[in-house]
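Chemist: So that we are looking at the same thing, I have put the structure below in structure tokens.
Residue numbers (my numbering): 1201 to 1540.
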């Protein structure tokens, strides 16, 4: 522990840049995080988190003292400091996500995107790159992104509910809006459940389920995503509980007997034949779909029921929920169902 300035200066806890969000949550839980001051860079690989007292439970590198710097609380504050007019600030993005050390933002028609990016870096001291996202292309779900501020390093490690995801946001997709669903799937499985994750990506659902004790067969066709899927299985120490295939999931299904099938793809209904072939009687399917609001939840339920009926199988709907908005008038929904 060191004091760098005089005792009148307030305290800050130094942590590695990649631990910013996790450490801040822990400090808040201890009741010592100071929301009235800014997070500030500290050296090349760390940040100083403002605290009211030295933490007793949260792991930190050291405690330092820093000159007080009132916190600009939101993007609007930062843009106002840069001289943006009210009309310009109204066109600024209203939401974004911090994925590891990368800020992912829909820039829309905001003026001067580079200034928005710099403001977001000031707002999130743990981040070093800002990416404007423009959509996801094709069956392999490749992201269309553009660096608008910072170092331009798009590879990062993102931690979420204890699961670590290594990924390159310029090569693979990661949907911040699916956070609750990833957590829920880790809680839904039973130890030793046999799970078939048909569209595994970098391990969005595979990793939390395997960490919960399930045995997961995961298929991913995108080579960049598959490379990170392999890395993430080792990063989370679940490599002995997963069987990973760089292949079309339909080519994997023949050799699978699953208690659960996870279909985390907006056009997953096109793969119901393979999913039902892999699902044992009494097993559970988790069917994702991008559904027009006028057809929620009728369309995915009908598609699943019809596919099962063609095989002489009956469906019991267990749960239906909206994950997030997909586009105007379209919702990302999930149907959980038991198939006899």
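Note that beta-carbon positions come from the ideal geometry of N, C-alpha and C, so glycine has one too.
Going by the beta-carbon positions, is the gap between residue 1409 and residue 1386 smaller than 9 Å?
Modeler: For the purposes of this step, residue 1409 is taken as the residue at position 209 of the chain shown. For the purposes of this step, residue 1386 is taken as the residue at position 186 of the chain shown. Contact flag set, yes.
Chemist: Distance check for residue 1264 and residue 1497, CA to CA, integer angstroms please.
Modeler: To locate residue 1497, count along the chain shown from 1; it is residue 297. To locate residue 1264, count along the chain shown from 1; it is residue 64. Those two C-alpha atoms are separated by around 54 Å.
Chemist: Closer than 7 Å by C-beta to residue 1219: which residues in its own chain qualify, once you throw out the five before and the five after it? Chain order, please.
Modeler: The residue labelled residue 1219 in the question sits at position 19 within the chain shown. Setting aside the 5 residues that flank it on each side, residue 1219 has no residue in the same chain whose C-beta is closer than 7 Å to its C-beta.
Chemist: Who pairs with residue 1284 in a beta bridge, going by DSSP?
Modeler: Walking along the chain shown from the start, residue 1284 turns up at place 84. Looking at the DSSP assignment, residue 1284 forms no beta bridge with any residue, so it has no partner.
Chemist: Identify whether residue 1255 lies in helix, strand or coil by the three-state DSSP scheme.
Modeler: One-based indexing of the chain shown puts residue 1255 at position 55. Residue 1255: coil per DSSP, three-state reduction.
Chemist: Check whether the segment 1450-1461 touches the segment 1479-1492, counting contact only when three or more Cβ pairs, one atom from each stretch, lie closer than 8 Å.
Modeler: yes
Chemist: In whole angstroms, what is the alpha-carbon distance linking residue 1471 and residue 1524?
Modeler: Counting from 1 along the chain shown, the entry for residue 1471 is found at position 271. Counting from 1 along the chain shown, the entry for residue 1524 is found at position 324. C-alpha separation (whole angstroms): 22 Å.
Chemist: Taking the beta carbon of residue 1375 as the centre, do at least 16 other beta carbons fall within 10 Å, making it buried, or is it exposed?
Modeler: Position 175 of the chain shown, counted from the first residue, corresponds to residue 1375. Buried, because 16 or more other Cβ atoms sit within 10 Å of the Cβ of residue 1375.
Chemist: Assign residue 1343 to one of two classes, buried (16 or more other C-beta atoms within 10 Å of its C-beta) or exposed (fewer than that).
Modeler: Working through the chain shown from its first residue, we reach residue 1343 at position 143. Residue 1343 is buried by the Cβ-count criterion.
Chemist: Specify whether the segment 1273-1288 and the segment 1318-1331 touch according to this definition: at least 3 beta carbon pairs, one from each stretch, less than 8 Å apart.
Modeler: yes
Chemist: Three or more C-beta pairs closer than 8 Å, one from the segment 1441-1457 and one from the segment 1362-1376: is that the case here?
Modeler: no
Chemist: Can at least three beta-carbon pairs, one atom from the segment 1416-1432 and one from the segment 1400-1407, be found at a separation below 8 Å?
Modeler: yes
Chemist: Can you tell which of 1304, 1411, 1368, 1474 has its C-alpha closest to the C-alpha of residue 1383?
Modeler: Sequence index remark: in the chain shown, residue 1383 carries index 183 (1-based). Selected option, being the one with the closest Cα: 1411.
Chemist: For residue 1346, report the span of its beta strand (DSSP E) as first-last.
Modeler: Position 146 of the chain shown, counted from the start, is the residue given in the question as residue 1346. Counting along the chain, the beta strand (DSSP E) containing residue 1346 begins and ends at 1342-1350.
Chemist: Can you give the Cα-Cα distance for residue 1202 and residue 1262, rounded to whole angstroms?
Modeler: Position 2 of the chain shown holds residue 1202. Position 62 of the chain shown holds residue 1262. In this prediction, residue 1202 scores a pLDDT of 43, lower than 50, which makes its location untrustworthy; the coordinate-derived value is nonetheless stated afterwards. Spanning the two alpha carbons is a distance of roughly 7 Å.
Chemist: Would you please state the rounded distance, in angstroms, between the beta carbons of residue 1240 and residue 1251? I believe it to be under 8 Å.
Modeler: Within the chain shown, the letter at position 40 stands for residue 1240. Within the chain shown, the letter at position 51 stands for residue 1251. About 12 Å separates the two Cβ atoms, so there is no contact after all.
Chemist: For residue 1316, which option in 1278, 1465, 1480 has the closest C-alpha, if you only look at C-alpha atoms?
Modeler: Here the question's residue 1316 lines up with position 116 in the chain shown. The residue with the shortest Cα to Cα distance from residue 1316 is 1278.
Chemist: Along the beta strand (DSSP E) that carries residue 1552, what are the first and last residues, could you check?
Modeler: Any property of residue 1552 remains undetermined from this structure, which presents the chain solely from 1201 to 1540.
Chemist: Tell me the DSSP secondary structure of residue 1360 in three-state form.
Modeler: Reading the chain shown from its first residue, position 160 is the one you call residue 1360. It is a strand residue.
Chemist: What's the call for residue 1255, buried or exposed, on a 16-neighbour Cβ count within 10 Å?
Modeler: Residue numbering aside, residue 1255 sits at position 55 when the chain shown is read from its first letter. Buried: at least 16 other Cβ atoms inside 10 Å.
Chemist: Just list the alpha helix (DSSP H) runs in the segment 1316-1341, keeping only unbroken ones of 4 residues or longer that don't cross its boundaries, in chain order.
Modeler: Annotation: the segment 1316-1341 contains no complete segment of the alpha helix (DSSP H) (minimum length 4 residues).
Chemist: Give me the Cα-Cα distance between residue 1216 and residue 1245, rounded to the nearest whole angstrom.
Modeler: In the chain shown, residue 1216 corresponds to position 16, counting from 1. In the chain shown, residue 1245 corresponds to position 45, counting from 1. Taking the straight line joining both Cα atoms gives about 6 Å.
Chemist: What runs of the beta strand (DSSP E), each 3 residues or longer, lie entirely inside the segment 1387-1464?
Modeler: Entirely contained in the segment 1387-1464, the beta strand (DSSP E) runs reaching 3 residues are, in chain order, 1394-1397, 1415-1419, 1442-1445, 1458-1463.
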